[in-house]
Amino acid sequence: MSARARAPRWRRWRRRLLMLPLVLVLLSILQVLALRFVDPPFSMFMVARQLRAWTAGDGDFRVAYRWRDFDRIAPTLPLAAIAAEDQNFAAHHGFDLEAIEKAREHNAGGGRLRGASTISQQVAKNLFLWNGRSWVRKGLEAWYTLLMELMWPKQRILEVYVNVAEFGDGVYGAQAAARTFFGKDADALGTAESARLAAVLPNPKGYSAARPGPYVQRRTQAIQRQMRQIGGVAHLEQLE
1 MSARARAPRW RRWRRRLLML PLVLVLLSIL QVLALRFVDP PFSMFMVARQ LRAWTAGDGD
61 FRVAYRWRDF DRIAPTLPLA AIAAEDQNFA AHHGFDLEAI EKAREHNAGG GRLRGASTIS
121 QQVAKNLFLW NGRSWVRKGL EAWYTLLMEL MWPKQRILEV YVNVAEFGDG VYGAQAAART
181 FFGKDADALG TAESARLAAV LPNPKGYSAA RPGPYVQRRT QAIQRQMRQI GGVAHLEQLE
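According to UniProt numbering, the sequence shown is numbered sequentially starting from 1.
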């Protein structure tokens, strides 16, 4: 093939490569827009957990997950999630700059590391991405967070969060957690049970909602106080 014939082919491939970022951006926008109305059948974290089990030879393992609409989940659970994870959730636009600065100052002093991810950021990570600390993943997390904040109402973000959050090893979402740890449906959760589930969110594999140790018990009590301080379930009305 002559050099003249190869040149148009190279230009075609170059155009395709240049179009690839735009295609990926459009696909991510469509993905987020669709999930505003369609309940996700799984999250990427669920897929990763299932694959880890299979590759480890545990063919019987199955992720525990069952979607529940917001009005079929006890309001104390989303309230507990806000109180524990993101008390400025109703006011910020995906990123809590004040919390980020406080976490930076705290971590600079040593001791237990403190995160500053908002509920919106956690949904972006859990639903669309993978665990890790690379700049690529953090960049994609920020992108998906912005898209969700632009296209989803706050209540939808919180609804997805309490449905895809991991409350125990392989136990995802309010309904699976309520059945696994308390033998009841998500709409029957009490205040203390909701606070206990929120208490294990920082480390659902290390902490147990079924057999809470001293740390989880103390954190559960603190979350219940915070739930009262932010106004109780009436606080959720700010999300509508």
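Virtual Cβ for every residue (Gly too), placed ideally from N, Cα, C.
Going by DSSP, what residues sit across from residue i in a beta bridge?
{"i": "V171", "result": "A64 and G168"}
Where does residue i land, buried or exposed, given buried means 16+ other C-beta within 10 angstroms?
{"i": "A34", "result": "exposed"}
{"i": "A56", "result": "exposed"}
{"i": "H93", "result": "exposed"}
{"i": "D39", "result": "exposed"}
{"i": "G139", "result": "exposed"}
{"i": "P204", "result": "buried"}
{"i": "Q122", "result": "buried"}
{"i": "L20", "result": "exposed"}
{"i": "D86", "result": "buried"}
{"i": "K125", "result": "buried"}
{"i": "Q217", "result": "exposed"}
{"i": "Q224", "result": "buried"}
{"i": "A210", "result": "exposed"}
Residue i: which of the options sits nearest, CA to CA?
{"i": "R196", "options": "A53, D187, G206 and P212", "result": "P212"}
{"i": "R62", "options": "A176, A177 and G170", "result": "G170"}
{"i": "L79", "options": "K205, P204 and L189", "result": "L189"}
{"i": "P202", "options": "D187, A186 and T220", "result": "T220"}
{"i": "G232", "options": "A81, V23 and A210", "result": "A81"}
{"i": "L239", "options": "W152, Y144 and Y65", "result": "W152"}
{"i": "R133", "options": "L146, L147, M148 and S117", "result": "S117"}
{"i": "T145", "options": "L24, F95, Q87 and A64", "result": "F95"}
{"i": "V32", "options": "R49, D60, W143 and G206", "result": "W143"}
{"i": "I73", "options": "A209, Y161 and V200", "result": "Y161"}
{"i": "I222", "options": "S208, L236 and A199", "result": "Before going on, a small fix: residue 222 reads as Ala here, not Ile. If we check each option's Cα against that of A222, A199 comes out closest."}
{"i": "L236", "options": "D60, L77, V25 and W54", "result": "L77"}
{"i": "Y172", "options": "A64, E159 and R137", "result": "A64"}
{"i": "Y207", "options": "G168, D58 and Q224", "result": "G168"}
{"i": "Q226", "options": "A84, M148 and L97", "result": "A84"}
{"i": "F70", "options": "T180, Q229, I157 and P214", "result": "I157"}
Looking only at its chain, what residues have a beta carbon closer than 6 Å to the beta carbon of residue i, apart from the 5 residues adjacent to it on each side?
{"i": "F182", "result": "E193"}
{"i": "R68", "result": "A174, Q175 and A186"}
In chain order, what residues of the same chain lie with their CB nearer than 7 Å to the CB of residue i, ignoring the 5 residues before and after it?
{"i": "M90", "result": "Reading off the sequence, residue 90 comes out as Ala, not Met. So the list reads K154, Q238 and L239, once near-sequence residues are dropped."}
{"i": "S49", "result": "Rather than Ser, the amino acid found at residue 49 in this sequence is Arg. Here the set comprises V63 and G170."}
{"i": "E166", "result": "F45, Y172 and P204"}
Exercise. How about the region 41–54 and the region 127–138: do they share at least three Cβ pairs that are nearer than 8 Å?
Worked result: yes
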